[in-house]
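A.B. asks:
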Amino acid sequence: MKELLRKLVQARTTPEGGELAAAEVIADELGRSGINARIDSWDQTRANVIAQVKSTGRKASLLFACHLDVVGPGEADWKYPPFGGVESEGRIYGRGSADMKGGIAAIVTAIKKIVEAGTRLEGDIIFLAAAGEETDSCGAKRFTGDCGWLPRLAGVVLPEPTDFEIVTAHRGMLWLEVATKGKAAHSSTPQLGINAISSMRAVLDELENYKIPFKPHSDLGGCSMSINTITGGKALNVVPDKCTLGIDIRTVPSQNHQEIISDFEKILGKLKLRNPQFDAKVSVIRGVESLETDNDCNFVKDFCAAVGTTKTKAVGFTTDGPCFASLGAPVVIFGPGKPEVCHKPDEYIEISDVEKAVEYYKKIILKFLS
Ligand SMILES: [Zn+2]
Numbered sequence: 001m002k003e004l005l006r007k008l009v010q011a012r013t014t015p016e017g018g019e020l021a022a023a024e025v026i027a028d029e030l031g032r033s034g035i036n037a038r039i040d041s042w043d044q045t046r047a048n049v050i051a052q053v054k055s056t057g058r059k060a061s062l063l064f065a066c067h068l069d070v071v072g073p074g075e076a077d078w079k080y081p082p083f084g085g086v087e088s089e090g091r092i093y094g095r096g097s098a099d100m101k102g103g104i105a106a107i108v109t110a111i112k113k114i115v116e117a118g119t120r121l122e123g124d125i126i127f128l129a130a131a132g133e134e135t136d137s138c139g140a141k142r143f144t145g146d147c148g149w150l151p152r153l154a155g156v157v158l159p160e161p162t163d164f165e166i167v168t169a170h171r172g173m174l175w176l177e178v179a180t181k182g183k184a185a186h187s188s189t190p191q192l193g194i195n196a197i198s199s200m201r202a203v204l205d206e207l208e209n210y211k212i213p214f215k216p217h218s219d220l221g222g223c224s225m226s227i228n229t230i231t232g233g234k235a236l237n238v239v240p241d242k243c244t245l246g247i248d249i250r251t252v253p254s255q256n257h258q259e260i261i262s263d264f265e266k267i268l269g270k271l272k273l274r275n276p277q278f279d280a281k282v283s284v285i286r287g288v289e290s291l292e293t294d295n296d297c298n299f300v301k302d303f304c305a306a307v308g309t310t311k312t313k314a315v316g317f318t319t320d321g322p323c324f325a326s327l328g329a330p331v332v333i334f335g336p337g338k339p340e341v342c343h344k345p346d347e348y349i350e351i352s353d354v355e356k357a358v359e360y361y362k363k364i365i366l367k368f369l370s
């Protein structure tokens with residue numbers, strides 16, 4: 001299990017590296033226990049890996065949905081090399097060790113143990129480790145876009161780092177870019193140009209007064225909007241012909257992303273009516289819907305019972321969960337690793353937590369599928 005985790009960290013599945021190397025590590029590992037895994041690869045380095053452990057089919061199956069990719073190591077110095085997979089004082093260090101290669105190592109090991117023990121299963125285990133969760137969810141979308149072969153699902157489990165809390169809700173994320181277009185001119189004669197930065201000032205004034213409508217959620221709170229980037233202008237003596245704004249909006253389940261985008265289009269339309277020279281457009285950089293699984297459904301109740309708790313939780317980060325919710329099955333997020341070490345220097349996972357996760361996943365598989 002430890003070796004598998006170290007190899008997964010060493011596979012360096014950043015956006016530049018792609019996921020293929022890690023997918024091969026997993027396919028080899030499952031293959032050693034006689035489990036056939038299929039690698040679905042594209043664009044040379046991108047990959048999903050999928051496995052299905054067949055059963056009698058009397059019960060609905062479980063989908064364990066992981067992601068192979070990691071964010072980059074960042075600029076800060078690391079105590080251990082970010083892709084070394086170094087073991088020290090009971091921890092494995094490295095980018096992705098917690099988010100979420102520890103979870104992958106645990107579920108792969110649990111599946112192998114179940115199969116090696118010859119356990120009779122009444123429902124299939126479906127395993128997926130997908131590409132691109134940290135960027136555009138391309139792997140999860142590719143999987144759900146071609147899922148006619150999937151058996152009926154009892155539920156979906158995301159082995160993401162929740163430090164063994166059962167997460168059933170998170171906010172959504174909508175990243176918008178507003179770009180204003182102007183006309184370049186020598187800045188000694190600014191009247192001959194159209195200043196894209198001035199146009200953006202008008203947008204900023206409007207956004208200052210814009211409140212995104214929402215119904216507060218009991219666990220997730222409200223919707224937030226933060227303008228986080230602005231770029232414009234190329235030289236001190238040129239009237240800028242372009243200015244762009246980056247906006248991070250976090251949504252709650254009652255909201256519809258399309259309605260927010262329409263609001264932005266209306267604001268830009270209003271500014272255009274006021275000033276015919278005004279030219280701007282809004283585009284979506286990234287959208288992840290919010291997740292809300294019914295805490296009272298049987299799947300969540302049985303899942304809580306298998307884990308030995310009655311508590312579920314809502315969190316601030318987003319996952320591929322909403323993409324899998326589109327399959328029509330309840331989604332829970334549950335796995336080893338501390339959320340606070342993710343995406344930071346010296347990310348690590350306690351080896352004992354990964355071992356604990358193996359036992360939890362075995363219990364969950366037996367609860368639902370035997
Ligand atoms: Zn993750």
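Position 101 of the sequence shown, counted from 1, bears residue number 101 in this note's numbering, the numbering being contiguous throughout. Virtual Cβ for every residue (Gly too), placed ideally from N, Cα, C. All values reported here derive from a predicted model rather than from experimental measurement.
Under 8 Å, with one C-beta from each stretch per pair, do the region 81-90 and the region 144-158 reach the 3-pair mark?
C.D. replies: No: the two stretches stay apart, fewer than three of their Cβ pairs being nearer than 8 Å.
A.B. asks: Just how far apart, CA to CA, sit M173 and D136?
C.D. replies: When rounded, the distance between both Cα atoms is 12 Å.
A.B. asks: Spatial neighbours of V288 within its chain, please: CB distance less than 6 Å, with the 5 preceding and 5 following residues excluded, ordered by chain position.
C.D. replies: G172, M173 and T318
A.B. asks: What are the partner residues of G103, as DSSP defines its beta bridges?
C.D. replies: None, per the DSSP bridge assignment.
A.B. asks: In whole angstroms, what is the alpha-carbon distance linking A106 and R250?
C.D. replies: Roughly 31 Å between the two C-alpha positions.
A.B. asks: By the three-class DSSP mapping on this structure, what secondary structure does L121 have?
C.D. replies: L121: coil per DSSP, three-state reduction.
A.B. asks: Provide the residue span of the beta strand (DSSP E) that contains K281, from first to last.
C.D. replies: A280 to V288
A.B. asks: Tell me whether the beta-carbon of F128 lies closer than 8 Å to the beta-carbon of L369.
C.D. replies: Per the sequence shown, the amino acid found at residue 128 is Leu instead of Phe. Contact: no.
A.B. asks: Does the distance from the CB of H217 to the CB of V252 come in under 8 Å?
C.D. replies: yes
A.B. asks: Do you know how far the Cα of V358 is from the Cα of S41?
C.D. replies: 27 Å
A.B. asks: Is P213 buried or exposed, if buried means 16 or more other CB atoms sit within 10 Å of its CB?
C.D. replies: exposed
A.B. asks: Can you give me the Cβ contacts of P322 inside the same chain, cut-off strictly under 6 Å, excluding the 5 residues immediately before and after it?
C.D. replies: E289 and L291
A.B. asks: Quick one: residues with CB closer than 5 Å to any heavy atom of ligand 1, in chain order, please.
C.D. replies: D99, M100 and E160
A.B. asks: Below 8 Å CB to CB, which residues in the same chain sit around I114 once its five sequence neighbours on both sides are set aside?
C.D. replies: V53, L121, I125, K362, I365 and L366
A.B. asks: Quick test of your reading: A196 and G232, contact by CB under 8 Å. State the CB separation rounded to the nearest angstrom.
C.D. replies: 6 Å
A.B. asks: Is the Cβ-Cβ distance between V108 and L158 less than 8 Å?
C.D. replies: no
A.B. asks: Going by other Cβ atoms of all chains shown within 10 Å of its Cβ, with 16 needed for buried, is T162 buried or exposed?
C.D. replies: buried
A.B. asks: Check for me: the alpha helix (DSSP H) holding R250 runs from which residue to which?
C.D. replies: That residue, R250, is in no alpha helix (DSSP H); its beta strand (DSSP E) goes K242 to T251.
A.B. asks: Give me, in chain order, the residues of the same chain whose beta-carbon lies closer than 7 Å to that of D241; leave out the 5 immediate sequence neighbours on both sides.
C.D. replies: K181, G182, K183, A184 and A196
A.B. asks: Does the beta-carbon of S97 have 16 or more other beta-carbons within 10 angstroms, so that it is buried, or is it exposed?
C.D. replies: Answer is buried; the Cβ neighbour count reaches 16.
A.B. asks: Tell me whether the beta-carbon of T168 lies closer than 8 Å to the beta-carbon of N48.
C.D. replies: no
A.B. asks: If you follow the alpha helix (DSSP H) that S262 is in, where does it begin and where does it stop?
C.D. replies: H257 to R274
A.B. asks: Let me check understanding here. Comparing Cα to Cα, which of D77, S33, T56 and F83 lies closest to A22?
C.D. replies: F83
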